[in-house]
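Below is one structure, written out as structure tokens; comments come after it.
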Amino acid sequence: MRWALVKVCLAVTTMVVVAFAVPLGLVIKEMARDRAFSNAEREAAAVAPALSITTDRDQLERVVASAGSEAEMAVHIPAGADTQAVDIGRQRAADGDIATVRKLGRASTSEVHGGSTLLQPVALSSGEIAVVEVYVPESEVSNGVATAWAVLAGVGVALIVGSVAVADRLGVRMVQPAQKLVEGAHELGEGKLGSRVPEEGPIELRLAAVAFNSMADQVVQLLANERELAADLSHRLRTPLTVLRLNAASLGDGPAAEQTRAAVAQLEREVDTIIRTAREAKPQTAAAGPGAGCDAAEVVRERMAFWSALAEDEGRKVRVAGVERPVRIPVARADLAAALDALLGNVFRHTPEGTAFAVDVHNGEDAVIVLVSDAGPGIRDPEAAMARGRGSGSTGSTGLGLDIVRRLAEETGGDVRIGSSVLGGTEVRIWIQLDGRVPERRGHRVRRRRTGRLVSTFNRPRSLP
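Per my numbering, the very first residue in the sequence shown carries number 131; after that it's consecutive.
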């Protein structure tokens with residue numbers, strides 16, 4: 131917008147300057163010519179009274195010398211009945227032009243080498259017509275024209291530069307509010323709900339800023355209402371959870387009873403976490419700092435210890451890899467635990483008993499990859515499964531499991547892929563970006579350094595060997 135306004139102003143000012151400067155320059159040139167010939171007419175008029183009185187050569191030469199130099203003025207007197215032809219000064223005009231002026235009896239100009247001549251007829255006492263020739267050099271005709279044109283050009287350039295500068299300042303006043311509006315929209319899209327736009331600039335941009343700020347306030351209010359609703363719904367779960375806890379306490383001893391009581395306790399903790407998160411005064415609107423997040427290896431070990439009891443009851447083989455060393459990720463501990471529980475719950479729900487599964491953690495330079503794979507029948511249509519994960523749901527499923535996993539990965543700039551595992555079943559790859567950048571998805575390979583750490587990325591959603 132800024133440069134467009136400058137270009138328009140430059141074009142308009144240039145056209146205006148040209149429209150006025152060119153005619154004015156021509157007028158100045160014509161005025162200089164008129165001035166030169168007016169001076170020549172005055173010189174010729176100074177000789178006319180002497181010609182009407184006498185035709186004596188000596189006297190006329192003195193008059194010509196006093197009126198103008200002989201090099202610029204000449205007098206041509208024709209021969210009469212009692213007089214001879216007299217020519218004083220240097221003749222530059224053609225004889226035909228002099229004869230024509232003498233015949234017509236009116237002044238005329240003619241072009242000669244180096245300039246022009248003014249031919250002025252003068253009546254003599256004898257009745258003959260004398261012609262006074264005044265030479266006007268080209269330098270006198272164009273005297274001052276070049277200077278005037280240079281002044282006009284300077285004024286035109288100054289006008290163009292000034293108009294461009296003014297247009298640029300006006301463009302800045304228009305563009306800055308627009309840029310702030312764009313920055314505010316980007317910040318709001320990144321989750322910075324406190325972003326607002328100053329209501330300044332032209333009336334249209336001020337109205338846009340008012341509308342943007344109003345929209346941002348409504349978004350904040352809607353999110354606050356949703357948090358309150360989530361807290362209220364989670365709070366309603368306390369009553370049935372209390373009943374479950376009391377019933378679990380009456381089951382007595384045994385692995386199943388302990389597992390049931392542990393599951394109820396875990397469910398109570400998750401509900402408490404949801405309520406506390408929903409009741410927070412300010413939502414999380416910025417990326418996690420360097421010290422935030424959790425240890426993915428520790429969370430995986432903890433959740434696998436929880437699910438291992440049920441896997442042992444169903445005769446499932448379990449493998450965990452990549453959790454020997456800490457793996458820091460910019461994800462909250464509760465969020466990663468919820469995502470793992472959703473994926474492992476799907477394994478137990480959608481595969482027959484005795485089906486093996488594995489969880490692998492790969493720590494790269496710019497990303498951490500968590501692979502959950504199984505030896506079940508697999509997923510025929512991964513895209514449809516991801517569509518269900520986006521909330522469409524299916525029979526016997528709320529559609530929220532994969533959606534939890536997807537949102538966790540996308541909040542870090544990563545993604546989720548579903549493919550075939552080396553175990554023969556389904557593999558879900560959670561890509562967690564460490565620096566917040568969107569990962570490349572083509573032309574990447576997986577390789578190991580001598581330290582054993584993974585670097586680079588995947589070509590396809592397959593598990594690592």
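Backbone N, C-alpha and C fix where the C-beta goes; we use that ideal spot for every residue, glycine too.
- Query: So, do the stretch 163-177 and the stretch 276-295 have three or more beta carbon pairs nearer to each other than 8 Å?
  - Reply: no
- Task: Could you please give me the residues that DSSP links to W598 through a beta bridge?
- Result: In the structure as shown, the chain starts at 131 and stops at 595, and residue 598 therefore has no counterpart that could be examined.
- Query: Can V502 and V450 be called in contact, C-beta distance under 7 Å?
  - Reply: What you label residue 502 is simply residue 372 of the sequence shown in a count that begins at 1. What you label residue 450 is simply residue 320 of the sequence shown in a count that begins at 1. The answer is no: Cβ separation not under 7 Å.
- With burial defined as no fewer than 16 other Cβ atoms inside 10 Å of the residue's Cβ, what is the status of H100: buried or exposed? For residue 100 there is no data in the structure shown, the boundaries of the chain being 131 and 595.
- Which class does I290 belong to by DSSP, given the choice of helix, strand or coil? On the sequence shown, position 160 is the one that residue 290 refers to. Of the three classes helix, strand and coil, the one that applies to I290 here is helix, per DSSP.
- In three-state DSSP terms, what is D511? Taking the first residue of the sequence shown as 1, we reach residue 511 at position 381. Looking at D511 - three-state DSSP - the assignment turns out to be coil, as it is neither helix nor strand.
- Contact check, L140 vs I290 under 8 Å by CB: the rounded distance? Along the sequence shown, one-based indexing puts residue 140 at 10. Along the sequence shown, one-based indexing puts residue 290 at 160. That belief holds up - the Cβ atoms of L140 and I290 are roughly 7 Å apart, short of 8 Å.
- Query: Any heavy atom of the ligand NAD closer than 6 Å to the Cβ of R391?
  - Reply: The ligand NAD is absent from the structure shown, which contains no ligands of any kind.
- Task: Compare the C-alpha of P267 against each of S246, D227, A134 and name the closest.
- Result: Taking the sequence shown and counting its residues from 1, one reaches residue 267 at position 137. Residue S246 is the option with its Cα nearest to P267.
- Query: Exposed or buried, what is V138 when buried is set at 16 or more other beta-carbons lying within 10 Å of its beta-carbon?
  - Reply: In the sequence shown, the residue the question calls residue 138 occupies position 8. The residue in question, V138, is exposed, as its Cβ has fewer than 16 Cβ neighbours within 10 Å.
- Query: For W437, does the count of other Cβ atoms within 10 angstroms reach 16, so buried, or fall short, so exposed?
  - Reply: Taking the sequence shown and counting its residues from 1, one reaches residue 437 at position 307. With 16 or more other Cβ atoms within 10 Å, it is buried.
- Query: Which of the three DSSP states, helix, strand or coil, is assigned to L254?
  - Reply: Locating residue 254 in the sequence shown gives position 124, counting from the first residue. Reduced to three states, the DSSP call for L254 is coil.
- Please report how far the alpha carbon of V142 lies from the alpha carbon of G244, in whole angstroms. The residue given as residue 142 occupies position 12 in the sequence shown. The residue given as residue 244 occupies position 114 in the sequence shown. Using only the alpha carbons, I get a separation of about 41 Å.
- From F167, F478, G543, G484, pick the residue whose C-alpha is nearest to that of D496; which is it? The count along the sequence shown starts at 1 and reaches residue 496 at position 366. Residue G543 is the option with its Cα nearest to D496.
- Message: Could you compute how far the alpha carbon of Q389 sits from the alpha carbon of A439?
- Response: Taking the first residue of the sequence shown as 1, we reach residue 389 at position 259. Taking the first residue of the sequence shown as 1, we reach residue 439 at position 309. The straight-line gap from Cα to Cα measures roughly 8 Å.
- Any alpha helix (DSSP H) of 4 or more consecutive residues that is wholly inside the stretch 132-170: none
- Report the option in Y265, R232, L532 whose CA atom is closest to the CA atom of M203. For the purposes of this step, residue 203 is identified with residue 73 of the sequence shown, where counting begins at 1. Comparing Cα positions, the closest option is Y265.
- Task: Give the DSSP-derived three-state secondary structure of P179 in the structure shown.
- Result: By one-based count along the sequence shown, residue 179 stands at place 49. Helix at P179.
- Message: Does A209 come out as helix, strand or coil in the three-state DSSP assignment?
- Response: Residue 209 sits at position 79 when you count from the first residue of the sequence shown. Three-state DSSP puts A209 in coil, outside helix and strand.
- Item | Counted within 10 angstroms of its Cβ, other Cβ atoms place G506 as buried (16 or more) or exposed | For the purposes of this step, residue 506 is taken as the residue at position 376 of the sequence shown. Buried, because 16 or more other Cβ atoms sit within 10 Å of the Cβ of G506.
- Task: Please work out which residues of its chain come closer than 6 Å, Cβ to Cβ, to V242, disregarding the five sequence neighbours upstream and downstream, and give them in chain order.
- Result: Locating residue 242 in the sequence shown gives position 112, counting from the first residue. Excluding positions up to five away in sequence, the list reads R222.
- Item | Reduced DSSP category for G475 - H, G, I as helix; E, B as strand; rest coil | As a first step, residue 475 is located in the sequence shown; it is residue number 345 there, counting from the start. Helix.
- Counting pairs of beta carbons, one from the stretch 311-324 and one from the stretch 337-349, are three or more of them closer than 8 Å? yes
- Message: According to DSSP, is A204 part of a helix, a strand, or is it coil?
- Response: Along the sequence shown, one-based indexing puts residue 204 at 74. Reduced to three states, the DSSP call for A204 is strand.
- Could you please give me the residues that DSSP links to G245 through a beta bridge? As a working note, residue 245 is residue 115 in the sequence shown. Answer by DSSP bridge pairing, in chain order: V242, P267.
- Item | Member of R172, A260, V152 whose CA lies at the smallest distance from the CA of L190 | Numbered from its first residue, the sequence shown carries residue 190 at position 60. Nearest C-alpha to L190: A260.
- Message: At the level of alpha carbons, what is the spacing between L367 and V401?
- Response: Locating residue 367 in the sequence shown gives position 237, counting from the first residue. Locating residue 401 in the sequence shown gives position 271, counting from the first residue. Rounded to the nearest angstrom, the two C-alpha atoms are 8 Å apart.
- Task: Given a cut-off of 7 Å, decide if P307 and E330 are closer than it, judged by their beta-carbon atoms.
- Result: As a first step, residue 330 is located in the sequence shown; it is residue number 200 there, counting from the start. As a first step, residue 307 is located in the sequence shown; it is residue number 177 there, counting from the start. Yes, they are a contact pair.
- Query: Does the distance from the CB of I548 to the CB of V498 come in under 7 Å?
  - Reply: Position 418 of the sequence shown, counted from the first residue, corresponds to residue 548. Position 368 of the sequence shown, counted from the first residue, corresponds to residue 498. Not a contact, by the Cβ cut-off of 7 Å.
- Item | Rounded C-alpha distance that separates V194 from E160 | In the sequence shown, residue 194 corresponds to position 64, counting from 1. In the sequence shown, residue 160 corresponds to position 30, counting from 1. C-alpha separation (whole angstroms): 28 Å.
- Item | Option in V275, M434, K447, V453 with minimal Cα separation from D471 | On the sequence shown, residue 471 is found 341 positions in, with the first residue counted as 1. Among V275, M434, K447, V453, the Cα nearest to that of D471 is on M434.
- Item | Sequence-distant residues of the same chain with beta carbon closer than 6 Å to E398, five excluded per side | Sequence index remark: in the sequence shown, residue 398 carries index 268 (1-based). Within the same chain, E398 has close Cβ partners L371.
- Message: Please classify G292 as buried or exposed, where buried requires at least 16 neighbouring CB atoms within 10 angstroms.
- Response: Along the sequence shown, one-based indexing puts residue 292 at 162. That one is exposed.
- Query: So what's S196 in DSSP terms, helix, strand or just coil?
  - Reply: Counted from its first residue, the sequence shown places residue 196 at position 66. In this structure, S196 counts as helix in the three-state DSSP scheme.
- Query: Which stretch, first to last residue, makes up the alpha helix (DSSP H) that contains D225?
  - Reply: On the sequence shown, position 95 is the one that residue 225 refers to. First-last of the alpha helix (DSSP H) with D225: 225-234.
- Query: Going by other Cβ atoms of all chains shown within 10 Å of its Cβ, with 16 needed for buried, is S551 buried or exposed?
  - Reply: Locating residue 551 in the sequence shown gives position 421, where the first residue counts as 1. Counting Cβ neighbours within 10 Å, S551 comes out buried, since at least 16 surround it.
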